[in-house]
Amino acid sequence: DAMVIQNPRYQVTQFGKPVTLSCSQTLNHNVMYWYQQKSSQAPKLLFHYYDKDFNNEADTPDNFQSRRPNTSFCFLDIRSPGLGDAAMYLCATSRPDQPQHFGDGTRLSIL
Amino acid sequence: DQQVKQNSPSLSVQEGRISILNCDYTNSMFDYFLWYKKYPAEGPTFLISISSIKDKNEDGRFTVFLNKSAKHLSLHIVPSQPGDSAVYFCAASGYGNKLVFGAGTILRVKS
Chain A
91 DAMVIQNPRY QVTQFGKPVT LSCSQTLNHN VMYWYQQKSS QAPKLLFHYY DKDFNNEADT
151 PDNFQSRRPN TSFCFLDIRS PGLGDAAMYL CATSRPDQPQ HFGDGTRLSI L
Chain X
5 DQQVKQNSPS LSVQEGRISI LNCDYTNSMF DYFLWYKKYP AEGPTFLISI SSIKDKNEDG
65 RFTVFLNKSA KHLSLHIVPS QPGDSAVYFC AASGYGNKLV FGAGTILRVK S
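Chains A and X are the protein sequences, given in the same order. Take 91 as the starting number for the first sequence in the working numbering and just add one per residue. Take 5 as the starting number for the second sequence in the working numbering and just add one per residue.
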């Protein structure tokens, strides 16, 4: 089945230690998105790629970076995680003007 | 500021009855609205959508109604089934397919 896969499902890191979350897709979609969802809150868009074009949301902290080396993969890098960055991180993909398909998320914990 | 609001954190309905989930938005530039369903430990799954040029869209047991003058949409599930128990997210988009989500409503369908 074509899908969006996020690894790992659970990630624990130490305060200030860089961490990378990954997302891959077999849907061949142009657009890939990263969302942050804190407990009982709405998923919040961090940034997205339209092909190789990177689009950052205005209120996304500088601590968050992303890479998309090819169509299939996209990475979320958190350079110096703080306690407030503990959350569920969701990756999604879509064709332009089509509904987004989500992965099952990575739950990030900060010690 | 929350541009998309789901004011009911939870809803409990008897099996076979109608479930009505509500969503309000503030940004008049939104022109496309979606509902996503999320089971525990899984990512959101697209359920149904509606364009701002319509006021109703139906797909099997699921119907979405849009009232643009009131900036309000609702999802009706008839009849409700225990397998419909999940978190339902309302989302809206304007230019560029970027989604703004509500915080979700937990639906419990009792058998």
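For glycine and all other residues, C-beta sits at the position ideal for the given N, C-alpha and C.
DSSP-derived helix/strand/coil call for residue i
i	result
Tyr99/X	helix
Leu51/X	strand
Leu15/X	strand
Asp175/A	helix
Asp88/X	helix
Ser129/A	coil
Phe154/A	strand
Asn146/A	strand
Asn160/A	coil
Boundaries of the beta strand (DSSP E) in which residue i is found, first to last residue
i	result
Leu117/A	Per DSSP, Leu117/A belongs to no beta strand (DSSP E) and is neither H nor E.
Leu79/X	76-81
Asp167/A	163-168
Leu135/A	134-140
Gln101/A	100-103
Leu198/A	196-200
Asn26/X	23-29
8 Å Cβ cutoff, residue i in contact with chain A
i	result
Pro44/X	no
Pro86/X	no
Phe50/X	yes
Asn101/X	yes
Ala107/X	yes
Ser53/X	yes
Gly47/X	yes
Leu70/X	no
Leu38/X	yes
Residue i at chain X interface by Cβ criterion, 8 Å
i	result
Ser138/A	It should be noted that the sequence gives His, not Ser, for residue 138/A. At least one chain X Cβ lies under 8 Å of His138/A.
Gln101/A	no
Phe192/A	yes
Asp187/A	yes
Leu198/A	no
Pro133/A	yes
Ser156/A	no
Ser162/A	no
Leu117/A	no
Leu180/A	yes
Beta-ladder partner(s) of residue i, from DSSP
i	result
Lys114/X	Gln18/X
Asp63/X	Phe66/X
Ser184/A	Val121/A
Phe37/X	Ile54/X, Ala96/X
Ser112/A	Asn97/A, Phe165/A
Lys9/X	Asp28/X
**Q.** Cβ contact (3+ pairs, closer than 8 Å) linking the stretch 104-124 of chain A and the stretch 152-171 of chain A
**A.** yes
Q | At least three beta-carbon pairs within less than 8 Å, the stretch 78-95 of chain X to the stretch 25-33 of chain X | A | yes
Q. With a cut-off of 8 Å, do at least 3 Cβ pairs link the stretch 43-52 of chain X to the stretch 182-200 of chain A?
A. yes
Q) Does the stretch 68-78 of chain X touch the stretch 29-39 of chain X, meaning 3 or more C-beta pairs lie closer than 8 Å? A) yes
Q. Using 8 Å as the Cβ pair cut-off and three pairs as the minimum, do the stretch 10-18 of chain X and the stretch 61-73 of chain X touch?
A. no
Q) With a cut-off of 8 Å, do at least 3 Cβ pairs link the stretch 128-138 of chain A to the stretch 95-107 of chain A? A) no
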